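Asker: Residue numbers (this note's numbering): 9 to 130.
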Amino acid sequence: MKHRDRVNAMRDEADRLDAELKGEKTQLVKFEYKPETRVQQLFMTLEDPTYSVAAKTFSSFIMVLILTGCATQIMESMEEFQFLPRKCNKSRPTVSSCRRKPFREFYIIEAACMLVFTIEYS
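(1) The alpha helix (DSSP H) that contains residue 126, what's its start and end?
(2) Do you know whose CA, among 56, 107, 115, 85, lies nearest residue 92's CA?
(3) Is residue 121 buried or exposed, if buried means 16 or more other CB atoms sit within 10 Å of its CB?
(4) Please list, in chain order, all residues of the same chain as residue 64 whose beta carbon is under 7 Å from its beta carbon, the five residues on each side excluded.
(5) Any beta carbon of chain B sitting closer than 9 Å to that of residue 16?
(6) In terms of residues, what are the limits of the alpha helix (DSSP H) holding residue 73?
(7) Go to residue 92, then tell me how far its alpha helix (DSSP H) extends in each direction, as first and last residue.
(8) What number of angstroms, rounded off, separates the C-alpha of residue 113 from the C-alpha of residue 42?
(9) State the beta-bridge partners of residue 109 as determined by DSSP.
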């Protein structure tokens with residue numbers, strides 16, 4: 009049998025199998041995990057947003073925190089959200105004493121986001 013004949017035979021077989029599959033009604037089986045303990049339920053709530061309404065809410069909360077953390081990182085680098093420290097001597101400024109600093113609220117928001125991320129990760 010020549011190479012071309014083998015290729016044509018394989019194509020014919022593939023076409024036959026394809027036609028056979030199209031004639032049958034194929035059904036997908038959906039696997040659904042059912043947690044048995046409270047720890048497994050907690051894991052599913054934190055891991056899979058489709059598990060429950062609480063899981064969806066928690067996932068949305070984490071997404072809002074991620075966006076908030078990103079926004080505060082950007083905003084604290086902007087001059088509009090920075091101030092000059094009180095110890096800055098404007099008549100004799102130095103780089104270390106007169107470096108602009110972001111508002112304190114940004115540190116609080118960042119610390120809160122990091123705390124929640126750390127708890128959620130562990």
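Glycine included, C-beta positions come from ideal geometry on N, C-alpha and C. Just so we're clear, the structure is a prediction, and the values are computed from it rather than from any experiment.
Answerer: With the given structure in hand:
(1) 112-129
(2) 107
(3) buried
(4) 57
(5) Among the chains in the structure shown there is no chain B, since it carries only a single protein chain.
(6) 61-84
(7) Neither: residue 92 is in no alpha helix (DSSP H) and is coded neither H nor E.
(8) 43 Å
(9) 91
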